[in-house]
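Notes follow the structure.
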Amino acid sequence: MTTASGSDSGPPKERQEEPKEEKKKEKRRGKRRGGGEQRKERKKEEQTAAQTTVAANTAPSRSQTPLTSHRPPRESFPAEVVEDTPSSSASSRLDTRGSSEDQRSHRSSRSFRLSRPPHGNPNQLRKMQCRITLLDGSDYTCTVEKRAKGQVLFDKVCEHLNLLEKDYFSLSYRDVENQKNWLDPAKEMKKQLSNGQWNFAFSVKFYPPDPAQLQEDLTRYYLCLQLRDDIVSGRLPCSFATHAVLGAFTAQAELGDYDPDELGKDYLSDLSIAPSQTRELQDKVMDLHCNHKGMSPADAEMLFLENAKKLSMYGVDLHHAKDSEGVEIMLGVCGSGLLIYRDRLRINRFAWPKILKISYKRNNFYIKIRPGELEQFESTIGFKLHNHRAAKRVWKTCVEHHTFFRLVSPEAPPKRFLSLGSKFRYSGRTQAETRKASSQIQRPAPMIQRSASKRYTMSRSLDGAPVTSNHDGLMKEPKAASDKNAKPATSNLITLETPEKVVEEETSATEASDPAQPAPVAKVATHL
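Mapping of the sequence shown onto the working numbering: position 26 corresponds to residue 262, and the numbering continues sequentially without gaps.
This is how it looks when you write it as structure tokens:
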């Protein structure tokens with residue numbers, strides 16, 4: 237029976253244990269659910285706490301008094317400023333938009349009001365006074381902005397001179413090494429002048445090969461002034477006979493007809509016509525001056541230019557250099573090409589069509605020559621300059637002369653983003669464009685105020701140096717012409733003497749001294 241009773245009492249115990257286990261599981265599930273809800277409630281509490289802190293921080297700013305009560309007292313402004321300020325109705329929108337910015341910059345505005353502009357007009361601080369030495373020896377002074385380009389100053393000078401054909405002229409200045417540089421019209425002047433002195437000289441940059449094609453007499457007059465200065469300074473050497481012929485035309489243009497009673501016997505002493513002006517040269521000029529009676533100043537200057545343009549150094553810009561062997565030479569840049577001088581003689585000439593490329597690297601200047609008929613390869617010739625600035629100066633001079641005399645229009649600068657080498661390009665008009673523009677000039681002939689020569693007794697240099705040093709000492713004074721057996725005028729660069737030239741000049745001078753015959757202008761200068 238024990239076994240039976242034991243078998244009957246088993247099932248009820250299992251039924252009692254099942255509800256207990258289910259209760260435990262439900263408690264566990266409830267705890268899990270309660271933990272998740274607590275976490276959510278904690279997050280909500282944190283968010284509400286953060287919002288309450290933000291509201292607590294912003295609440296005082298809303299309760300503050302208006303901003304205008306904290307602003308400093310208004311400053312008194314001039315009447316002009318008050319009249320230019322807009323009305324309150326017109327600027328209401330601007331005020332509402334800028335109110336928040338005013339609140340942010342309220343403290344910084346106080347420190348800003350403490351700063352005051354410098355004493356004086358700030359525009360005056362940016363003005364620079366320029367002194368330009370003109371071709372007649374006078375000075376012209378003007379003011380330009382410090383950041384102005386060179387074209388602004390050049391236009392002012394040309395306007396002062398009443399000059400329209402201005403592309404043949406330019407402004408030059410001296411650098412720290414006392415070397416002559418041309419003012420770049422497309423570049424700011426303050427970037428070009430490193431010595432701090434804004435002193436310039438107005439002079440001819442491109443010598444026209446045919447001055448007769450110039451439109452106005454005023455342009456030819458300024459060209460005559462430049463050539464007279466070149467002759468007196470020694471940059472344009474010529475013979476005794478040529479000095480006499482050119483001096484006679486100068487006297488006719490400056491002084492008029494020869495009249496010994498009115499002018500006196502020593503009227504040529506104040507008119508410089510040669511580097512070394514002797515009594516014999518003055519007598520020769522007086523003899524030739526007698527033959528030009530009735531000639532107008534414009535005609536005399538035209539004949540002067542017709543003779544001067546045939547000189548071998550007409551329009552040649554000289555630069556010191558050395559060849560590949562280290563021998564001292566001179567590089568001459570002109571409208572026809574590049575000239576090489578050594579020991580006062582021209583040893584080579586490279587015309588522009590013969591030159592393929594010009595370049596410079598450091599203090600070396602290179603030209604690439606087109607091969608000849610019997611040559612197969614191109615050749616490159618190098619020259620050594622004093623420094624890299626001198627090499628670049630020669631390169632720029634060659635670029636400008638080639639563009640002006642050979643091209644129809646200047647080349648456009650390259651549009652490459654990254655380009656090696658110099659970015660310099662000639663930006664002015666070419667000779668073809670200048671002649672076309674000159675043909676369209678329609679105005680009465682301007683008055684020319686010629687003054688009997690105050691101009692060549694002293695140097696036109698900017699530093700007060702003597703005449704011979706005004707042009708880098710390229711030429712020396714020729715020998716005195718008082719010696720009848722003296723050779724024609726020479727220089728330390730080139731010699732103009734050949735047997736044919738000596739014979740032609742002597743015969744031309746004797747014919748010119750005969751008053752019965754007209755002065756043989758063309759004969760004298762044909763072989764020079």
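From the three backbone atoms N, C-alpha and C, an ideal C-beta is built for every residue, glycine too.
inquiry  = Suppose you measure from the CA of Tyr550 to the CA of Tyr443; what does that come to, to the nearest Å?
reply    = 8 Å
query = Distance, Cα to Cα, Thr369 vs Leu461?
reply = 13 Å
message = Less than 8 Å between the beta carbons of Leu419 and Ser406, yes or no?
response = yes
query = Which class does Arg625 belong to by DSSP, given the choice of helix, strand or coil?
reply = helix
inquiry  = Assuming contact is defined by CB atoms lying nearer than 8 Å, are Thr616 and Phe640 in contact in what I supplied?
reply    = no
message = Measuring only the C-alpha atoms, how far is Arg580 from Val440?
response = 25 Å
Proximal residues to His528 (C-beta, below 6 Å), its chain only, five neighbours per side dropped = Gln488
task = Determine contact between the stretch 596 to 612 and the stretch 530 to 546, defined as no fewer than three beta-carbon pairs at a distance below 8 Å.
result = no
ask   = Along the chain, which unbroken stretches of the beta strand (DSSP E) at least 3 residues long are found entirely within the stretch 361 to 423?
value = 363 to 369, 375 to 381, 405 to 410, 416 to 418
ask   = Roughly how many angstroms separate the alpha carbons of Arg275 and Glu282, rounded to a whole number?
value = 11 Å
message = Please report the straight-line C-alpha distance between Arg585 and Ile565, rounded to a whole angstrom.
response = 13 Å
message = List, from N- to C-terminal side, the beta strand (DSSP E) runs of 3 residues or more that fit wholly inside the stretch 429 to 477.
response = 435 to 440
query = Ala681 by DSSP, collapsed to three states: which one?
reply = coil
Spatially closest choice to Leu578 from Gly492, Ala557, Gly571, Lys590, by CA coordinates = First, the amino acid is wrong: residue 578 is Arg here, not Leu. That would be Ala557, whose Cα lies nearest to the Cα of Arg578.
query = What does a CB cutoff of less than 8 Å around Trp631 pick up in its chain, not counting 5 residues either side in sequence?
reply = Ile594, Ser595, Tyr596, Phe601, Ser658
request  = Mark Thr332 as exposed unless 16 or more other C-beta atoms lie within 10 angstroms of its C-beta, in which case mark it buried.
outcome  = For Thr332, the predicted structure reports a pLDDT of 39, less than 50, and the residue's modelled location is therefore unreliable. The matter cannot be settled from this model.
Cβ-based burial, Gly500 [other Cβ within 10 Å; buried from 16] = exposed
query = Would you call Phe613 buried or exposed, if buried means 16 or more other Cβ atoms sit within 10 Å of its Cβ?
reply = exposed
query = Relative to the alpha-carbon of Ala437, which residue among Asp453, Asn398, Thr455, Val393 has its alpha-carbon at the smallest distance?
reply = Val393
message = Taking the alpha carbon of Ser645 as the reference point, which residue from Phe619, Leu459, Lys672, Pro680 has its own alpha carbon closest?
response = Lys672
ask   = Per DSSP, what kind of secondary structure is Lys604 in: helix, strand or coil?
value = strand
message = Do Ala534 and Leu482 count as a contact pair if the criterion is CB distance below 8 Å?
response = no
query = Quick one: is Thr455 buried, meaning 16 or more other Cβ sit within 10 Å of its Cβ, or exposed?
reply = buried
ask   = If you run the structure through DSSP and keep just helix, strand and coil, what is Asp750?
value = Bear in mind that a pLDDT of 46 at Asp750, under 50, signals an unreliable position, so the number given afterwards is only what the model happens to contain. Note: Asp750 maps to coil in three-state DSSP.
inquiry  = Considering Cα atoms alone, identify which of Trp588, Cys634, Lys620 is closest to Ile605.
reply    = Trp588
query = Can you tell me whether DSSP reads Ala557 as helix, strand or coil?
reply = strand
query = DSSP on Arg298, reduced to helix/strand/coil?
reply = Here the model assigns Arg298 a pLDDT of 44, short of 50, so the residue's position is not dependable, and the following value carries that caveat. Three-state result, Arg298: helix.
ask   = What residues in its chain sit with their C-beta under 7 Å from that of Asp411, if we drop five residues either side in the sequence?
value = Asn417, Ser430, Asn431
ask   = According to DSSP, what are the bridge partners of Ile594?
value = Ile603
inquiry  = Is the beta carbon of Asp403 closer than 8 Å to that of Gly664?
reply    = yes
query = Asp446 CB to nearest chain B CB: under 8 Å?
reply = Reference to chain B is not applicable here, since this structure consists of a single protein chain.
inquiry  = In the DSSP assignment, the alpha helix (DSSP H) including Phe540 goes from what residue to what residue?
reply    = 533 to 544
task = Label Gln518 either buried or exposed according to how many other C-beta atoms from any shown protein chain fall within 10 Å of its C-beta, with 16 as the threshold for buried.
result = buried
query = Is Tyr577 helix, strand or coil by DSSP?
reply = strand
inquiry  = Is it buried or exposed, Ile677, if we count other Cβ atoms within 10 angstroms and call 16 or more buried?
reply    = exposed
message = Let me confirm a value: Ile509 is counted as buried when at least 16 other C-beta atoms fall within 10 Å, else exposed. Which label applies?
response = buried
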